[in-house]
Every structure is written in C-alpha cells, then in structure tokens.
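Novice: First the structure, then my questions, so here it is.
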Amino acid sequence: MKKIAALTASFALSAALATAASAAPADTSSTDTSNSTVVTGQVVSTTTPDGTTYEGTVAEPIIVPELITIAPAPLTLNEVTYFYDMPQGNAWSALAPQVVTPTGNMVGDWVEIYTWLGKAWVYAPGYIAYP
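Residues -23 to -1, 1 to 108, numbered by mature numbering (1 follows the signal peptide of the UniProt record, and there is no 0), are exactly what the sequence shown covers, in order.
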C-alpha cells in the first residue's frame, strides 16, 4: 500500500513539474495587487492577487457568445416531493422541502434535477428555468 501511495505522489509531482516547465515565464515587475484584467485591442494584461502581471497578444476575442452557458434557476420544493426515473415514470423516492439544482432539461411541467441517486425528474408546474 505504501508503494502505491509513493508512486501516486511521484506521478503527481512529475505532472506538476511538467506543467510548470511548459508554462510561459511570468513578468513579476508589477506591484499592483488588484485582481484585474485589462483588454486593449489585442493586448491583454492580467494582474493576479499576488501581484504577478501577465501580458500577451490575443488574436481573437477571449469570450465568444457560443461558449457562454446560463445555468437554470434553482427549484424550490415547498413540500415533500416524489422524484421519478422519467416523466410520468416509476417513483424512486421522495425529497423533503429544499432547494434543488435542475439540469436544464424539461418536458412539459416535468423538470430534471440532480439527486443522490443521479438525475431524476420531478413534477413542477409553473417552474420557469430562465426567468
């Protein structure tokens, strides 16, 4: 067991060193400790909380609309609610009143949520995922 732990630690250290060796050198001449990013045209300057500044040129926008995802609104269960394997399927169990996290999938008034058993469906008429 000790050998497995030693090998795992060795591989993790090797991966960390390889990552650090392949990283671009940092410009530490800045003393600004704010965590800010300034984009001017195609030149990007970022200051980390420890005061390290990174500068570089960007050929295209950093954030493109296709990569932006909006999480669905949380679903508040106000009473004991059964959850199912699929809409109008077999009941798996029940949830006490709480706030749950939807996956974003909906079929009519059925909302898919994350549970301790994996993804499941609850009947939630009137729920609006993206208000």
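Just so it is clear, CB atoms sit at the ideal spot from N, CA and C, and this is done for glycine as well.
Tell me the DSSP bridge mates of residue 98?
Specialist: 61 and 89
Novice: Of all the options 62, 80, 79 and 57, which has the alpha carbon lying nearest to the alpha carbon of residue 94?
Specialist: 62
Novice: From what residue to what residue does the beta strand (DSSP E) around residue 46 run?
Specialist: Run containing residue 46: none; DSSP gives neither H nor E here.
Novice: Mapping the DSSP letters down to three states, classify residue 108 as helix, strand or coil.
Specialist: coil
Novice: In three-state DSSP terms, what is residue 7?
Specialist: In this predicted model, residue 7 has a pLDDT of only 45, less than 50, meaning its place in the structure is not dependable enough to derive any value.
Novice: Compute the Euclidean distance between the alpha carbons of residue 68 and residue 58, then round it to the nearest angstrom.
Specialist: Whole-angstrom Cα-Cα distance: 10 Å.
Novice: Taking the alpha carbon of residue 84 as the reference point, which residue from 26, 23 and 66 has its own alpha carbon closest?
Specialist: 66
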